[in-house]
Amino acid sequence: MGRDLGERNREAYARYKDDVRKEGKPFFPRAILHDTIMAFVVVAVMIALAVIWYWDAGDTPEGEGLEAGVLGPLYTLPADAGTTDFIPRPAWYFCFLFYLLRIFEWPETVFIATVGIPTIALVLLLGLPFYDRRLERRPSRRPVAMIAAVLTVLSMGVLTYKGATAQEALGSELLKLVPDWAEEQGFTGDEQANEGARLFAVSGCLNCHIYLGSGTGSLGAPDLSDVGDRYEPQALVRYLTNPAEFGNTVMGSYAYLGQENLEKLATFLDASTGDK
Amino acid sequence: MAKRKTKRQLLVDTAILAPIDWLDERTAVVGGTKYFLFRHVPRDVSWAQTLGFATLMAFMAQTLTGAILAMYYEPSAAINPETGKPVAYSSIEMITNELTLGWLVRGMHRWGASVFIILLFLHMGRVFLFGAYKYPRELTWITGVLLLATGMLMGFTGYLLPWDQTAYWATVVGINLNGTAPFAGPWLAQFLASGPEIGTSTLARFYALHMLLLPGAIFALIGIHIYLVTRLGVTSPPWSREAAGRERAEVQPAGGRAGLVRRGTDGGAK
Chain A
1 MGRDLGERNR
11 EAYARYKDDV
21 RKEGKPFFPR
31 AILHDTIMAF
41 VVVAVMIALA
51 VIWYWDAGDT
61 PEGEGLEAGV
71 LGPLYTLPAD
81 AGTTDFIPRP
91 AWYFCFLFYL
101 LRIFEWPETV
111 FIATVGIPTI
121 ALVLLLGLPF
131 YDRRLERRPS
141 RRPVAMIAAV
151 LTVLSMGVLT
161 YKGATAQEAL
171 GSELLKLVPD
181 WAEEQGFTGD
191 EQANEGARLF
201 AVSGCLNCHI
211 YLGSGTGSLG
221 APDLSDVGDR
231 YEPQALVRYL
241 TNPAEFGNTV
251 MGSYAYLGQE
261 NLEKLATFLD
271 ASTGDK
Chain B
277 MAKRKTKRQL
287 LVDTAILAPI
297 DWLDERTAVV
307 GGTKYFLFRH
317 VPRDVSWAQT
327 LGFATLMAFM
337 AQTLTGAILA
347 MYYEPSAAIN
357 PETGKPVAYS
367 SIEMITNELT
377 LGWLVRGMHR
387 WGASVFIILL
397 FLHMGRVFLF
407 GAYKYPRELT
417 WITGVLLLAT
427 GMLMGFTGYL
437 LPWDQTAYWA
447 TVVGINLNGT
457 APFAGPWLAQ
467 FLASGPEIGT
477 STLARFYALH
487 MLLLPGAIFA
497 LIGIHIYLVT
507 RLGVTSPPWS
517 REAAGRERAE
527 VQPAGGRAGL
537 VRRGTDGGAK
């Protein structure tokens, strides 16, 4: 030790260059042969996946290729902003992010999951050669780096798996809960509120929100069981029409449901004052 | 007097060598190719170091299949009067069901994206394990991380293009996530959606990002990355006995005593 790190680095690299020149093998044809074989394997895997995906997908009455095979359907139904019971699913390599959102479910902490952690991860990755400056390259002599790597791989793996297999209730299943909600919140006789509750069940609200224990609580969406205590009915209609007006940039607008339906929803939400 | 050239030699000279000389005089391409192909790599380089090339190959396959898809794909959310479905969706259906081998091209592109991402991660894991990001290869690592980030952005922008429910709702969530960032978030979400709701203009924007801007960035980064790899050399497995650049015992006996003295002792003086 004692000598300056830069000097030792340059010495080690000079030794590397010298060794490669004296003992190395030519890139062509020795190394490139391995590369070429690998390239064929990559293309073969791509073709194999395409073939399995295409031949294993089936047709449904609604159209060709909509029935999923082992690798999923060829496509789902055309995009429709008015759908109420479609559960968003990102590509598998974004599932870790998807699941992080469930961990940071309190509104003030959402940005930690969406932007904070990915940004920190990216900065840590970019800066790696600058804070891990030791000459040592053998894994057995780099315990901190190896433990950090194993923990990263494990947590990414777990988050990806959890995100990919996360279950969410469908609107049709939630509809069955409406009578229970009415009883618990005490709006059984109010037809307007009951219709609002049914709309609430099938409009995908519980893909983010929680209501009397149902729903997932992702994207930082709050529990709506007692939302009626916090807003007036007219404010609820305005909120559903344009959440951004209330400083909420995560939730989308539900204006497409139409004024009449929004008022039903607002009646239902206003009647939701929590279990008392 | 020089020997007269045969007809065959003359033909080779004018048809092959002369154009190559012409090109090399202006571009030094011959020297460059020799430098690239006939450079030495450490002799213990093996399968683990093929992951980078494999990633490149996956990207090239994505470029080719993507170019073919772009010839038939139409990025519009307007309703096609013939099919009653969005134009983009109908063009994907046409590619999958009617175009000769269109299903194969689309399937390779769709699954190639996953293969590309997996290979990026495996390649990065290999570089990390070998400690190959250390001096003097810091910039190679940085361009590699940027390639990983752009690769994932390619996945995000490409996911919307089939314009089916999966695509649409994943993108709605994705854009909303961008919106949660402090300061730049709302602006970023506005930029990505390009309007109050996700529609044709969003699709056009994602399409332009997916097939012009991001691939351009990836090509440039790959160029720098490969130049650096060629210039700085590939690393040996650090545990290899014959790793290039390994540390030697300070004193090496020479001549007749070579090999008689064990390494690590100071020449048997003790």
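Residue numbers (the working numbering), protein chains in the order written: chain A, 1 to 276; chain B, 277 to 546. Beta carbons are placed, not taken as given, at the ideal position from N, Cα and C, and that holds for glycine.
Contact list for residue i against chain A, beta-carbon separation under 8 Å
i	result
B/Phe314	Pro26, Phe27 and Phe28
B/Leu380	Ile47, Ala50, Val51 and Tyr54
B/Tyr365	Tyr75, Pro78 and Ala79
B/Glu350	Here the premise fails: no neighbours, minimum Cβ distance about 14 Å.
B/Leu287	Chain A residues near B/Leu287: none, gap ~27 Å exceeds 8 Å.
Spatial neighbours of residue i in its chain, beta-carbon cut-off 7 Å, leaving aside the 5 residues before and after
i	result
B/Ala469	Ile451 and Thr478
A/Phe200	Leu265 and Phe268
A/Glu263	Val237
B/Asp440	Tyr365
B/Lys546	For B/Lys546, the predicted model reports a pLDDT of 38, less than 50, meaning its position is unreliable; a value from the coordinates is still stated below. The answer is none, since no qualifying residue turns up.
A/Leu151	none
B/Arg280	none
B/Thr511	Phe406 and Ala408
A/Pro26	none
B/Leu299	Val305
A/Gln185	Ala271, Ser272 and Thr273
8 Å CB neighbourhood of residue i in its chain, flanking five on each side removed
i	result
B/Gly378	Tyr348, Met370, Ile371 and Thr372
B/Ala291	none
B/Leu423	Leu396, Ile494, Leu497, Ile498 and His501
B/Thr376	none
A/Tyr131	none
8 Å Cβ cutoff met for residue i and residue j
i	j	result
A/Val115	B/Thr433	no
A/Tyr289	B/Ala520	Here chain A covers residues 1 to 276 and nothing more, so residue 289 of chain A does not appear.
A/Cys95	A/Thr188	no
B/Pro351	B/Ala465	no
A/Cys138	B/Trp515	Before going on, a small fix: residue 138 of chain A reads as Arg here, not Cys. For A/Arg138 and B/Trp515, yes; Cβs fall inside 8 Å.
A/Thr76	B/Thr442	yes
A/Ser272	A/Gly220	no
A/Ala57	A/Glu67	yes
A/Leu128	B/Trp323	no
B/Ala408	A/Leu122	no
B/Gly383	A/Trp92	no
A/Tyr256	A/Ala81	yes
B/Thr341	B/His385	yes
A/Ser214	A/Leu177	yes
B/Thr326	A/Met38	yes
A/Ala166	A/Tyr99	yes
B/Pro491	B/Thr339	yes
A/Val42	B/Ala334	yes
B/Thr506	B/Phe312	yes
A/Leu175	A/Arg198	yes
Cβ shell of residue i (< 6 Å), same chain only, five flanking positions each side left out
i	result
B/Gly540	With a pLDDT of only 49 at B/Gly540, under 50, the local geometry of the prediction cannot be trusted, and the value read off the model is given with reservation. Closer than 6 Å at Cβ, skipping near neighbours: Ala525.
A/Leu71	Ile52 and Trp53
B/Arg413	Leu508
A/Gly69	Asp56 and Ala57
Within chain A, the residues that residue i reaches when beta carbons sit closer than 9 Å
i	result
B/Phe467	In chain order: nothing, as chain A lies at least about 13 Å away.
Listed by chain order, chain B residues near residue i by CB distance under 8 Å
i	result
A/Glu23	Pro318, Arg319, Glu518 and Ala520
A/Leu122	Val421 and Ala425
A/Tyr13	Tyr411, Pro412 and Gly521
A/Phe96	The premise fails here: A/Phe96 is roughly 11 Å from chain B at the closest Cβ pair, so nothing lies under 8 Å.
A/Thr114	Leu453, Asn454, Thr456 and Ala457
A/Val42	Ala330, Met333, Ala334, Ala337, Val391 and Leu395
A/Tyr211	Under the 8 Å cutoff, chain B gives no residues; its nearest Cβ is about 20 Å from A/Tyr211.
A/Tyr231	Result: empty, since nearest Cβ-Cβ is about 21 Å, beyond 8 Å.
Per-residue contacts from residue i into chain B (C-beta, under 7 Å)
i	result
A/Asp35	Thr326 and Phe329
A/Ala31	Val317 and Val321
A/Gly65	Thr372
A/Ala39	Phe329, Ala330 and Met333
A/Tyr99	Near A/Tyr99 there are no residues of chain B at all, since even the closest Cβ is about 13 Å away, more than 7 Å.
Contacts of residue i in chain A (Cβ-Cβ under 7 Å)
i	result
B/Glu358	None at all; the shortest Cβ gap to chain A is about 14 Å.
B/Trp417	Leu128 and Pro129
B/Trp387	Met46, Leu49, Ala50 and Trp53
Chain-ordered chain B contacts of residue i [CB-CB under 9 Å]
i	result
A/Asn9	Lys410, Tyr411 and Pro412
A/Val110	Leu453 and Thr456
When Cβ atoms are compared, which residues of the segment 435-463 of chain B fall closer than 8 Å to chain A?
-> Within the segment 435-463 of chain B, the residues whose Cβ lies closer than 8 Å to some Cβ of chain A are Tyr435, Pro438, Trp439, Asp440, Gln441, Thr442, Ala443, Tyr444, Trp445, Ala446, Val448, Val449, Gly450, Asn452, Leu453, Asn454, Gly455, Thr456, Ala457, Pro458, Gly461 and Pro462, listed in chain order.
Contact list for the segment 76-94 of chain A against chain B, Cβ threshold 9 Å = So the list reads Thr76, Leu77, Pro78, Ala79, Asp80, Ala81, Thr83, Phe86, Ile87, Pro88, Arg89, Pro90, Ala91, Trp92, Tyr93 and Phe94, given in the order they occur along the chain.
Could you give the uninterrupted runs of the beta strand (DSSP E) lying entirely in the segment 69-145 of chain A, keeping only those of 3 residues or more?
-> If only uninterrupted beta strand (DSSP E) runs of at least 3 residues are considered, none is enclosed by the segment 69-145 of chain A.
Residues in the segment 125-141 of chain A having any Cβ partner in chain B nearer than 8 Å = Those would be Leu125, Leu126, Leu128, Pro129, Phe130, Asp132, Arg133, Arg134, Leu135, Glu136, Arg137, Arg138, Pro139 and Ser140, in chain order.
Near-chain A residues of the segment 480-496 of chain B - C-beta to any C-beta below 7 Å = Those residues of the segment 480-496 of chain B that come within reach of chain A (Cβ to Cβ, closer than 7 Å) do not exist; the list is empty.
Chain B contacts from the segment 234-265 of chain A (Cβ-Cβ distance under 7 Å) | Listed by position along the chain: Thr249, Val250 and Gly252.
What are the start and end residues of each continuous alpha helix (DSSP H) run of 4 or more residues lying completely inside the segment 493-517 of chain B, in chain order?
-> Runs of the alpha helix (DSSP H) inside the segment 493-517 of chain B: none found.
Whole runs of the alpha helix (DSSP H) within the segment 434-495 of chain B, excluding any shorter than 4 residues | DSSP assignment within the segment 434-495 of chain B yields the following whole alpha helix (DSSP H) runs of 4 residues or more, N-terminal first: 441-455, 461-469 and 476-484.
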